[in-house]
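Residue numbers (the numbering used here), protein chains in the order written: chain A, 472 to 801; chain B, 472 to 801; chain C, 472 to 801; chain D, 472 to 801. Where a beta carbon is used, it is the ideal one built from N, C-alpha and C, also for glycine.
Number of protein chains: 4
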Amino acid sequence: MTTYPPFGAGLWHFASYLDRYATDGYAPPTTTLEQIALAGSVGELSFVDVNYPFTDGVTVDQVKAALAENGLEAIGVTPEIYMRKYSKGAFTNPDPAVRAEAIAFLNEAADVVRALGARYLKVWPGQDGWDYPFQVNHGEQWRLAVDGMREVAQANSDIKIVIEYKPREPRNKMFWDSAAKTALGIKAMGVDNVGVLLDFGHALYGGESPAAAAQLLIDHGLLWGMDVNDNLRGWDDDMMVGTVHPVELFEYFYTLRENGWEGVWQLDQFPFREDTVETAKLSIRFLKHVYRALDVLDVDALRAAQARQDALGAQKVVQDALFGTIGEGE
Amino acid sequence: MTTYPPFGAGLWHFASYLDRYATDGYAPPTTTLEQIALAGSVGELSFVDVNYPFTDGVTVDQVKAALAENGLEAIGVTPEIYMRKYSKGAFTNPDPAVRAEAIAFLNEAADVVRALGARYLKVWPGQDGWDYPFQVNHGEQWRLAVDGMREVAQANSDIKIVIEYKPREPRNKMFWDSAAKTALGIKAMGVDNVGVLLDFGHALYGGESPAAAAQLLIDHGLLWGMDVNDNLRGWDDDMMVGTVHPVELFEYFYTLRENGWEGVWQLDQFPFREDTVETAKLSIRFLKHVYRALDVLDVDALRAAQARQDALGAQKVVQDALFGTIGEGE
Amino acid sequence: MTTYPPFGAGLWHFASYLDRYATDGYAPPTTTLEQIALAGSVGELSFVDVNYPFTDGVTVDQVKAALAENGLEAIGVTPEIYMRKYSKGAFTNPDPAVRAEAIAFLNEAADVVRALGARYLKVWPGQDGWDYPFQVNHGEQWRLAVDGMREVAQANSDIKIVIEYKPREPRNKMFWDSAAKTALGIKAMGVDNVGVLLDFGHALYGGESPAAAAQLLIDHGLLWGMDVNDNLRGWDDDMMVGTVHPVELFEYFYTLRENGWEGVWQLDQFPFREDTVETAKLSIRFLKHVYRALDVLDVDALRAAQARQDALGAQKVVQDALFGTIGEGE
Amino acid sequence: MTTYPPFGAGLWHFASYLDRYATDGYAPPTTTLEQIALAGSVGELSFVDVNYPFTDGVTVDQVKAALAENGLEAIGVTPEIYMRKYSKGAFTNPDPAVRAEAIAFLNEAADVVRALGARYLKVWPGQDGWDYPFQVNHGEQWRLAVDGMREVAQANSDIKIVIEYKPREPRNKMFWDSAAKTALGIKAMGVDNVGVLLDFGHALYGGESPAAAAQLLIDHGLLWGMDVNDNLRGWDDDMMVGTVHPVELFEYFYTLRENGWEGVWQLDQFPFREDTVETAKLSIRFLKHVYRALDVLDVDALRAAQARQDALGAQKVVQDALFGTIGEGE
């Protein structure tokens, strides 16, 4: 019987969603504690990444208790530095007072990391960037983005921080937009407690190969977390994993295994119109298939094909493993 | 002194916005009446396209009065068939009861068209489409989309209906997604009171040439309304007009003029982080520049260049007109 | 034992290729007769689509003989109306003399269709379109494109003509760029011997759902041929089928089967750096897997899920069929 | 009277082109010496970037003489490491013999840099990358790409080398694909004679802001050369500069000026269907307009707007400068 890796999900997977059109929300809102209960009801999740602040009135102790009750651990804490106050950026906000608030809030979130015993503070500065040509001084953005993150890192040297990069949305362009730029910025910080959380879909719609992005980050010692989902390659659709790009997903997990990367296989999905628990279940079913496919993959043949850049040879063994019954016709 | 065409805007230009991250909104909410007052304060707008339903408690009579007070007319009414109830579609919702509600609601909105003396009912079925491969039966979607629109058209044969197509968002794929598909669907309806509202940005990020889309719709007798904005060609960013694609914008308005199309030059922009009134003013300033540039454009030279597919000849006269001082260096 | 549909390929699948950089070609050139022999050596192909003119000195009789010898039939003939002479278009060339030459050449190609007993003349006007804003009069392009095709159709009313649409390349924008626009243009021709050849990859990178495009064309009685390949959704990469988008490919063939569409499953691939015969073999192996997966697909469950727009329900049965061993973990 | 910066062009701007369809070429071929004469005839060019090897039989001395005769200097030499031999890569070719040949050839090209007194060896490894998921080991690609470039740099420590990055084409994905990744790789080389040539269009269609890419490279001391063109944001169309994205072009040159970057304003365009000399002339006319617009730009107001992230304020002064007559309506 297969022993699978631990699975996880962003707690927001079990929230409801708004957008600029359906302003009444795709479903009734849920509280942090309800979301934890829903995550628990999936039955396959070991970890959640917890938004902070919690919904109204919920305390850290309640969250802690709810996690324990549902057999879950907090893998990370995600401070919401993308609300109205930060609409022109958290680290790179033009207003120094807002930047100071952002950093104070991140320090507060770091305390929640400590309280929950989470592995990292996840920082996704979705509003840091620009919308229009000429709107910002790009040199100044770099300085503010790098200096601000360094400041948070140095103030919290006992915990790990991961940056989740993304090409765009909600800003038309995000500052931390690719694996290479994030690695370059982290090097410029000169600290050792900042790494990267790699989102499969962000790499994909940003025009990266997610597998190549993973390898680059691993080779720079920076791949400290990751999550998966899917999209149509033009936007962060946060669809169910495996429904559009199963082959690149398989390459992604192959790359992680080849490098001995061991970590949580997390979901970052937004089931706008779907049952959130059932979406998680179906997604994990697919991830298990991927995991078993890695077990039967002819790795020697694949390595040999790659050494020749032999696309046909590589695809054949990949198809044999991923599309289990493909060989039956022969 | 130049006499400009009438300018207009979607009333939502003066609203505030949410998205899936900044769920507290980019600015405090405004009422329908406040939005009308803001539109009036632009000082250059003659028309607005009015969302329906109005914000809480506002009546048609109040809207009518507010429009008059602010020197505005309603060019169209846009029923909000993209809220939670319609999250799986209005016309193509899998639930016949929801489809019936949608049609009843559209008929109600048609009454508002009549009450306000507007030119058309604008139908933008943003939730009609699909998210995932295999999610829908595409033949059935066509039938429901076409039949439903015909039903609304026949029930309201005294008013005009315009469909605003868009490639995607909020659905991952929208059913009415291009000029040609919309024209094809309208022909299949067999009615004469359905046309198209062409959004410049929708054409652009859908991979169309907005000018070619306009020409196609004019040649099919279907261009009954239009609005403009800008984007980065990958999403409906609804940015200020002229800030990214001024040349294609100029070609678009050139095409309208060449065809003798006379209508309102409308804005469909979402100034998430900007002052809504100032955004409208700066946009209209740019549209006036475009209008004057059309006046000085050497149309004969341009036609002659087009007759040869002479890109250089065409661009030269276009640049002379649009970038007014470009000839000074010679 | 499964009886598969007939397989086919563009004869160019067995050619060598140039591009604007590797002007010495990715492999030594091959003659038409050598290409036929290579196609024959795949051992699974029943049909080829034949470029015209043939390589130097090869005659129709030689082609006929070679096809017979290799157990192949010509499904179509593809005239090369995209060489230097036609670089500003065949049907829409600004020079009437070139347009006349194009039509004469197409009539000549129609004779080859007759001589080879092929099913259709395939017309892919890759140079008909535009590169720059303002380069063409879009109304004039429509007239020339539609009138020219009608003229060819009327002059050859005994044979079928299929238009292969494509969003772009080699022109920055192609005139026939989507299923809907092509259907609209064909209707305007008022002839009954023009249909569409749908290329899976063209639909995909044009932002269409290939399955939805197929359904639309079937519902308009216009899907007369099709071919498959794959790409990264931003360009016509003409990669091996199934290597990137197997799920949408499966949906495409499901749609064909649901509609009782029976035709040749053709390959349109450009193996720039790969062995052309082995590429065809691996591709057909994948297509056979798809065909068998359709046999085991729980169609009733899928239809029921689609009737509810139930993405989870649909994906589950699709994954069960396509990823044969996915259920093993349960 | 305005003193403009020196202008330059890739010598290929004056060549003719093939693609995979128009294999007979868009125009008759020209020799290296003819291309130099054409470049000279533009009358505004001071520099050319010279492809190597030269066309058949042309010697370095002939090139030197022809450049002098036409009032041109070689700014760089571009070795053609993208022909058939290198179709699976130059630096990252799976065959060590081909890699050795590539490096020997680059060393030979470095001698041409010395002979022509050019400023740099320009290295554009267009075939280094991958086409298919699973085709390469991404860690190995990084090692080969970085080690090979270091080897060339160390063997030619007396000359400068610039890497021109590009997202894709001819490979489906290129290894050196963004400003940040190239900077990261150069840092890993540990040499001081490798920098970057930034192509405006490559940044644009790769989803970068060209201005932000320029700033990042300047801040890392790596912007050693640049060229411009335009495209439709989905492919490297190499269109005439200013015809699609004049605003982002203006931001790009503004960023260069703000940083005191002084260098040659080069064209990298492929006028497939246009007169090559006239294309260069019209392009330089536009660049002169941009240069003069920078002279009249209200830089203080722009900086102040950027300090507030005030998109409206920034766009207003930008429009005043770029669209010279826009203020006339007020």
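Nearest by alpha-carbon distance to residue i: which of the options is it?
i                  : options                                    : result
Asp-701 of chain D : B:His-716, B:Ile-634, B:Val-699            : B:His-716
Leu-591 of chain D : D:Leu-738, D:Asp-746, D:Asn-627            : The residue you asked about is not Leu; residue 591 of chain D is Tyr in the sequence shown. The shortest Cα separation from Tyr-591 of chain D among D:Leu-738, D:Asp-746, D:Asn-627 belongs to D:Asn-627.
Gly-597 of chain D : D:Phe-646, D:Trp-736, D:Ala-480, D:Pro-567 : D:Phe-646
Ala-589 of chain C : C:Val-789, C:Asn-578, C:Lys-631, C:Leu-577 : C:Lys-631
Ala-778 of chain C : B:Gly-713, B:Leu-688, B:Val-667, B:Asp-566 : B:Asp-566
Tyr-497 of chain B : B:Ile-797, B:Val-788, B:Glu-745            : B:Glu-745
Ala-537 of chain D : D:Gln-737, D:Leu-587, D:Met-711            : D:Leu-587
Ala-772 of chain B : B:Val-761, B:Leu-765, B:Ala-785            : B:Ala-785
Trp-706 of chain D : D:Gly-672, D:His-760, D:Val-789            : D:Gly-672
Ala-750 of chain B : D:Ala-782, D:Asn-564, D:Ala-561, D:Arg-756 : As written in the sequence, residue 750 of chain B is Thr, which differs from the Ala given in the question. Nearest of D:Ala-782, D:Asn-564, D:Ala-561, D:Arg-756 to Thr-750 of chain B, Cα basis: D:Ala-782.
Ala-573 of chain C : C:Asp-527, C:Met-620, C:Asp-532            : C:Met-620
Tyr-725 of chain D : A:Lys-556, A:Pro-604, A:Leu-504, A:Gly-479 : A:Pro-604
Asp-791 of chain A : C:Met-697, C:His-760, C:Val-569            : C:His-760
With 9 Å as the threshold, decide whether the Cβ of residue i is near any Cβ in chain A.
i                  : result
Asp-670 of chain B : no
Glu-611 of chain D : yes
Thr-494 of chain B : yes
Quick check: what's the CA-CA separation for residue i versus residue j?
i                  : j                  : result
Gln-612 of chain C : Val-623 of chain C : 17 Å
Val-534 of chain A : Asp-582 of chain A : 14 Å
Gly-731 of chain D : Ala-580 of chain B : 59 Å
Ser-512 of chain B : Leu-543 of chain B : 11 Å
Ala-674 of chain B : Leu-516 of chain A : 43 Å
Val-584 of chain D : Met-710 of chain D : 28 Å
Glu-729 of chain D : Gln-606 of chain A : 15 Å
Gln-506 of chain B : Leu-727 of chain B : 29 Å
Residue i bridges to which residues according to DSSP?
i                  : result
Asn-522 of chain D : D:Thr-549
Asp-670 of chain D : D:Asp-698
Ala-480 of chain D : D:Val-519, D:Leu-738
Leu-592 of chain B : B:Val-548, B:Ile-632
Trp-601 of chain B : B:Lys-644
Met-710 of chain D : D:Asp-701
Val-665 of chain B : B:Ile-632
Since residue i and residue j are thought to touch, with beta carbons under 8 Å apart, how far apart are those beta carbons, to the nearest angstrom?
i                  : j                  : result
Phe-794 of chain B : Phe-794 of chain D : 6 Å
Phe-525 of chain C : Ile-546 of chain C : Actually they are not in contact, since the Cβ atoms of Phe-525 of chain C and Ile-546 of chain C sit about 16 Å apart, beyond 8 Å.
Asp-599 of chain B : Ala-616 of chain B : 6 Å
Tyr-523 of chain C : Thr-549 of chain C : 7 Å
Check whether chain C comes within 9 Å of residue i, counting only Cβ atoms and requiring the distance to be less than that.
i                  : result
Val-594 of chain D : no
Ala-480 of chain A : no
Leu-577 of chain A : no
Leu-689 of chain B : According to the sequence shown, residue 689 of chain B is Ile rather than Leu. Yes - at least one Cβ of chain C is within 9 Å of the one on Ile-689 of chain B.
Pro-565 of chain B : yes
With 9 Å as the threshold, decide whether the Cβ of residue i is near any Cβ in chain D.
i                  : result
Phe-485 of chain B : no
Pro-524 of chain C : no
Lys-652 of chain A : yes
Arg-661 of chain B : Correcting the residue identity first, residue 661 of chain B is Gly in this sequence and not Arg. Closer than 9 Å: no.
Arg-639 of chain C : yes
Glu-551 of chain C : yes
Leu-773 of chain B : no
Output yes if chain B places a C-beta closer than 9 Å to the C-beta of residue i; else output no.
i                  : result
Arg-744 of chain A : yes
Pro-717 of chain D : yes
Lys-752 of chain C : no
Leu-765 of chain C : no
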